[in-house]
Structures are given as C-alpha cells and as structure tokens.
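Below: the structure, in structure tokens.
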Amino acid sequence: MYNLLRPLLFSLDPEFVHLCSLQLLSQPLFGYLSRALLSPLMAVKGLEKELWGIHFSNPIGLAAGFDKNGIALQAWESFGFGFVEIGTVTPLPQKGNPKPRLARLSQSEALWNSLGFPSEGAEKVSKRLRKFLMTKGKPRMAIGINIGKNRLTPLDEAAEDYKKCFSYFKDLADFFVVNVSSPNTVGLRSLQEKKGLELILEELNSINIVPKSPILVKISADIELRTVADILSVLIEKEAGGVVIANTMLAKGPWGHMGGMSGRPLSKISTELIRFVKKESLGRLPVIGVGGIFNTADAVEKIEAGADLLEVFTGFVYNGPSLPKRLCQGLVEYYRTKSLG
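In the numbering used here, the protein residues as written are 36 to 376.
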C-alpha cells in the first residue's frame, strides 16, 4: 500500500506531508483502529531485550526528529516499534529555522533538513505525555526524550536548558538523550567538547536522583575521532548511560544553505563510528545505532559493529510503516541462523 502512495506523497512538500501524517496518526480513531487491527499484525516475538533495567520488546526504535512533540505515540507502538525517542524538545517553545528547511534527496535515499529544533516546549510536551500515560497506561514500547537548548540561549548557559528539560520529564520517560550534535543550531556542536559536555552532565546528574534515569549523548556523524575519545572519557567519568550514533552530517542543501543530511550516505560512516566507540570504550557504553538503516542487512551491520539498539528515520520515510516489522523479522532469522552456525 505504501509503495502505491509514495509517488504521490513524494510529489508534495516534505514538511507538509510529514505534519499532515502526524496529525492523522494522532487522531483517536486511528488509535482505536491501530490497536485493534495493526498491533497484532506488526508484533514480532523473540527479540526482547533488557538494557538499563528497561524492557524493550524489540531493538528497533523511531529516531528523534520524527515525532518532535510526542503527538502520535499510539501509532508508533502499533507499527511495531520497541521504543521511540520524542524530540528534540527545548525548554521554551520555538519555531525553528525559516522555511524551506526539509528536502528529499531520492536518488541518494537521503533527507536534508535545517529545521533547527522546532518545538512546542517542554511544559506542553510533558503535559501531553503525562495525559497519554494516565489515560492509555504505560505502553509496551519504551519512551525516550531527546533534549536540546533553545536557539537564543547563550552557549555558556546551555547546561541550564538541558536541566530544565530533564526536570519536566524525569518521572515520565524511560531514558534521555542529550542532543549536542545537531548542525542546525548555531554553536551547538561545540557542546560536544569536553568542558561543555562535562558541565551539562554534571547539571543533569545533580537532579537525576534515585531511581536514576539513563542519560545518553547523541554525537555527530562527521566528528573527529580524537573528539570522540574525549567524549567517551567524559561519559564514563560522569556515568552516562551510553551513546547515540550518529546525528546528521553537515551538508549544503538544495537552497544553498547548510543543514544536516541523513539516510543512506550516513550508513557506513555511522557503522564505523559505532565500531570505534565500542572498541575505545572497551564495551562499557551501550550504543544506539542510527543512520542509513533501510533493510535487515543494514541493521545486522550495525549490530555486528556493536550497536545494542537501533533507530530508523529516513529508512522509515522511504519504506513506510512496515519497516519495523520487516527489520524485526529479518533479525529473528539472523539470530536463528547465527545460533545454528
């Protein structure tokens, strides 16, 4: 069905299609139908995993940036995701960068964006999530919150923004991801450097009381390995939960300004970065692998490089709602064959 619809969808403005799709998926009627009809069809057993004391029904998650404000949670579980990362959420509402700011690069199986953290703000998003959990109950999928700073917040005050976001969701989310790697907020990537990252994690740790929430850090795809090594030392010292590898790669878009590229061009880059992190950290830091996962072979490549969990975004756009199930089915067969071998 999606293959029939895709030519029409891809003929329209990508941000318009994305927002319309989210609105459709957020409707109560879709929630009822999806739970009754889709959930039984999409569920794949045999991939359960526990990490940070959190149960994951399967290792396939929806990456941050897809459902920035957490409006379609009912859909993601129905589509068979084991977890979802809401966000990036900022402390205060902001509109993000000027449009146009999202493009499909179909020949490269890629997306390009310069969105710049459009967000309804932590207060509104957390209220929505709290209402969802109170009315629907805790879903089978785990919920992560990707947190960032507001565009107008000075870099030397950024740690306070992350702390504010964290405080809104502390009792709601299963885990958190600190976004210091988006190329679309001026200066943000400098927070990957040792001093800035130390300050952010120290501020978060100061309010991350028992039961402690896992706090991961998302790093850039196009980052120097020397910087990665410094990041890992900070994460281990501050007892961070792990690393998300990797964010978009800096690239010039179709309108001539810089933004972030995701999808197939990131596949090998993120896989090699996963391999480096696992080796450099001696396996002490769990890794969520993301970047260019379109099929089972892509997923297996990242798992064999050391990823503990996986996330999809661009692959989901190009392949549609059946992708989580197909990846899970492929991984079940991969593990079965591996055990026989």
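C-beta: ideal position from N, C-alpha, C; glycine also.
A quick note: this is a predicted structure, and the numbers were derived from the prediction, not measured.
Rounded to the nearest whole angstrom, the CA to CA distance from L168 to N104 is 15 Å. A direct Cα-Cα distance of roughly 14 Å separates S241 from P249. L251 and L140 have their C-alpha atoms roughly 30 Å apart.
Inclusion of F351 and F101 in the CB contact set at 9 Å is warranted, their separation being smaller than that value. A check of alpha carbon separations from N93 across A264, I323 and K373 identifies I323 as the nearest. By the Cβ criterion, the segment 81-95 is not in contact with the segment 311-319, since fewer than three pairs of Cβ atoms, one from each stretch, lie closer than 8 Å.
Secondary structure note for G122: it is in no alpha helix (DSSP H), and the uninterrupted beta strand (DSSP E) holding it is F118 to V124. Counted as a single uninterrupted DSSP element, the alpha helix (DSSP H) harbouring S161 occupies residues A157 to K171. In the DSSP assignment, M296 is bridged to W147 and M284.
Rounded to the nearest whole angstrom, the CA to CA distance from M293 to I304 is 19 Å. Put simply, of S217, L260 and F211 the residue whose alpha carbon is nearest the alpha carbon of L239 is F211. Of the candidates A332, E192 and D343, D343 places its Cα closest to the Cα of G318. G151 and C55 have their C-alpha atoms some 20 Å from each other.
E336: member of the alpha helix (DSSP H) spanning T331 to A340, first to last residue. Distance from the Cα of R186 is smallest, within the candidate group D209, N214 and G172, for N214. Here M36 is exposed: its Cβ has fewer than 16 other Cβ atoms, across all protein chains shown, within 10 Å.
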